[in-house]
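Single-structure report; data block below.
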Amino acid sequence: MSALQRTGRWVTDHLVMVVAMLVLLYMFLPIFFVVLMSFNEPASKLSYEFDAFTLDNWLHPCQQSGMCESVVTSLQIGFLATVVATLLGTLVAFALARHRFRGRAGTSLLIFLPMATPEVVMGSSLLALFSSAGLAGSLGFWSILVAHIMFCLSFVVVTVKARLAGLDADYEQAAMDLYANEWQTFWRITFPLVFPGILAAALLSFSLSFDDFIVTNFNHGNTITFPMYVWGSAQRGIPPQVNVVGTVMFLLALALVLGGSVFQRRRPA
Amino acid sequence: MSGARRRRSLTGYYLLLPGMLWLLLFFAVPTIQLGATSLYDQNGSLDTGYAMTWSFGNYIDALSDYRAPFLRSLLYATSATVLALLLAYPLAYAIAFKAGRWKNLMLVLVIAPFFTSFLVRTLAWKSILSDNGFVVSTLQALHILAPDGRLLATCVAVITGLTYNFLPFMVLPLYASLEKIDLRLIEAGKDLYANGFTAFRKITLPLSMPGVVAGTLLTFIPAAGDYINTKLLGTPAQNMIGNVIDNLFLVQLNYPIAAACSVILMVVIVLMVLVYVRRAGTEELV
């Protein structure tokens, strides 16, 4: 290999990494701004620029009326939607991966379509359904929850099913050969092996629910989730405390994911 | 897994029942209802109720009144998807083949920014692209942008926001399919005197097609229906079909035309997905 070829190869080898780093930088650019703006004391209500440094937003995050309440509402909906969607979705994933039944094609289609449907279509069709059922006046917490469970379900099924498909059924077979009954096999063998997939699905559900704006916007009634709060205040000026919530969410998620990977490394799967 | 190990019993149906019932009730029924709503008489209202008149004319009205937003949605979503693919491919490639022991950390870094709220991130772009911000002043200094030129309230800002917001949906499937590639195939190509570029074009790229297809769809679909980026970074002159549907449903309360727009959007997307998947050729998606 000539020197020229070698330098050429070095450049191409590292070029990909350099480009990748630049793309990562692009992905983090808004995060830098969210963190920066959380220390901002805006000169005017409609200012989107950094004006002066302050710690006030961090010391008094709940100063803006309604913001912390909206975060609590979002956490409640996110938690309930995650529990229900993860439970129902995991059951469906097991049925798909481990059982025979009629109507497999239709079932797959019904799971796939919600992921292929734009949120604006899903949200508006639910609203049309609720209003034709005469429920337009009573929309609120429950209707947001129903909608969130619906769009989280498909993602849970796909995530858990992927984990199940990667599992060797021989482990289960071996347990059965050693006279474990189905119940013991499930709880001692299958469930622990599938658990990382279920956990990933739950995390995904929570972040989908917590972050959802479009579907919620159609079905929220008078209930204000955190994205609804941000949207509402975008018209009259964003309080800088919103960026405190954004920063905290980012740090929590990072800690959770990094902590999770350390935990997994310590416990060989 | 072999078919013989799948148990045939009622258990499968019991496991499916609650989840599928939920999707049936709150996804399938509303979608059918939406189709019905799109054929209601436009002269009705929410209070008096709508009469089912099989008004297929609603579709003609929707298309002729909102042709520009429809086309804009497709154009913006396509641009954002292509840009996302160009950005995501080198990143996914680097994570899959070059990152070594940093692989997991880089994957976390790809997802991490997206845990801050969607709206908060989009508003951050409003700060980044603001008229006195460093991006605009740099572009003005380089004479790429006129001295009084701006990025906010233009389609550049909207497409930037769309590209950014759906980037992880492109990176992750690309990474998943690149990671599966047997490196020996690429070595074999090089042994047969393919240079790096030829090996990439003839081996790596075709083998990563499932990821390209999945990533493109996962980016294009939400981008085509999005209206937040336009609302926050653009003006009504950049209205996409999502803005129209949102406005018709929630402000003008014109359900039949709003439903017709939604149905058209859904049909266009499903058709594009079918054609695209067939041409690109890939395994089943679910």
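So the sequence lines, in the order shown, correspond to chains A and B. Heads up: the first sequence begins at 51 in the numbering used here, then just goes up one per residue. Heads up: the second sequence begins at 972 in the numbering used here, then just goes up one per residue. Note that CB positions come from ideal geometry on N, CA and C, so glycine has one too. All figures in this text were calculated on a predicted structure; none of them were measured in a lab.
Contact annotation: in the segment 1097 to 1131 of chain B, residues whose CB is within less than 8 Å of a CB in chain A are Lys1097, Ser1098, Ile1099, Ser1101, Asn1103 and Gly1104. Residues of the same chain with a CB within less than 7 Å of the CB of A/Val85, apart from the 5 flanking positions on each side, are Thr297 in chain order. For secondary structure counted as the alpha helix (DSSP H) over 4 or more consecutive residues, the segment 249 to 307 of chain A holds these complete runs in sequence order: 264 to 269 and 276 to 286. With 16 or more neighbouring CB atoms inside 10 Å of its own CB, B/Gln1004 falls in the buried class.
Only those residues of the segment 141 to 157 of chain A whose C-beta falls short of 7 Å from the nearest C-beta of chain B are listed: Leu141, Val142, Phe144, Ala145, Arg148, His149, Arg150, Phe151 and Thr157. Rounded to whole angstroms, B/Ala1170 and B/Phe997 show a C-alpha spacing of 48 Å. Across the set A/Ala215, A/Phe82, A/Ala145 and A/His270, the C-alpha of A/Phe82 shows the shortest separation from the C-alpha of A/Val294.
For B/Ala1065, the chain A residues whose C-beta falls within less than 7 Å of its own C-beta are Val66, Met67 and Ala70, listed in chain order. Identification of chain A residues near B/Lys1069 by a Cβ-Cβ cut-off of 8 Å yields Asp63, Val66, Met67 and Ala70, ordered along the chain.
Listed in chain order, the beta strand (DSSP E) elements of length 3 or more contained wholly in the segment 1160 to 1228 of chain B amount to none. In this structure, B/Tyr1226 sits away from B/Gly1213, with a CB-CB distance that is not shorter than 8 Å.
Taking a C-beta cut-off of 8 Å against chain B, the contacting residues of the segment 88 to 102 of chain A are Tyr98, Glu99 and Phe100, listed in chain order. A Cβ of chain B is located within less than 8 Å of the beta carbon of A/Thr167. Under the DSSP assignment, B/Gln1004 falls in the alpha helix (DSSP H) whose first and last residues are Val1000 to Thr1008. Here B/Phe1085 is buried. Its C-beta has 16 or more other C-beta atoms within 10 Å. Across the structure, A/Ala305 and B/Leu1080 are spaced so that their CA atoms are roughly 12 Å apart. Not a single C-beta of chain B is nearer than 8 Å to the C-beta of A/Gly282.
When C-alpha distances from B/Val1127 are compared across B/Ile1216, B/Lys1161 and B/Leu1203, the shortest belongs to B/Leu1203. Burial of A/Arg148 is indicated by the presence of at least 16 other C-beta atoms within 10 angstroms of its C-beta. Looking at the DSSP output, B/Tyr1011 shares a beta bridge with B/Met1023. With its beta carbon at least 8 Å from every one in chain B, A/Pro242 lies outside the interface. 8 Å or more divides the Cβ of A/Leu177 from the Cβ of A/Asn272. Under the 10 Å beta carbon count, B/Asp1217 is surrounded by 16 or more other beta carbons and is classified as buried. When DSSP states are grouped into helix, strand and coil, A/His64 belongs to the helix group. Contact between the segment 1140 to 1158 of chain B and the segment 1170 to 1182 of chain B is present: three or more C-beta pairs spanning the two stretches fall below 8 Å. The shortest C-alpha to C-alpha distance from B/Ala1067 to any of B/Val1107, B/Glu1150, B/Leu1113 and B/Thr1019 is the one to B/Glu1150. If you look at A/Glu119, you'll find it in the alpha helix (DSSP H) that goes Met117 to Arg148. Using a CB distance below 7 Å, the part of the segment 273 to 307 of chain A facing chain B consists of Phe276, Pro277, Val280, Trp281, Ala284, Ile288, Val292, Asn293, Gly296, Met299, Phe300, Ala303, Leu304 and Val307, ordered along the chain. A Cβ-Cβ separation of about 17 Å leaves B/Leu1245 out of contact with B/Gly1196 under the 8 Å criterion. Residue range Asp106 to Leu109 is occupied by the alpha helix (DSSP H) that includes A/Trp108.
If you draw a straight line from the Cα of B/Leu1062 to the Cα of B/Arg1172, it is about 17 Å long.
Residues of chain A with a Cβ closer than 9 Å to the Cβ of B/Ala1195 are, in chain order, Pro168. Taking a C-beta distance under 8 Å as the contact criterion, B/Asn1200 and B/Leu1133 qualify as a contact pair. Think of a sphere of 7 Å around the beta carbon of A/Asp261: the chain B residues whose beta carbon falls inside it are Ser1088 and Phe1089, in chain order.
DSSP links B/Ser1016 through a beta bridge to B/Gly1020. Relative to the Cα of B/Met1211, the nearest Cα in the group B/Thr982, B/Ile1130, B/Ile1115 and B/Ile1082 belongs to B/Ile1130.
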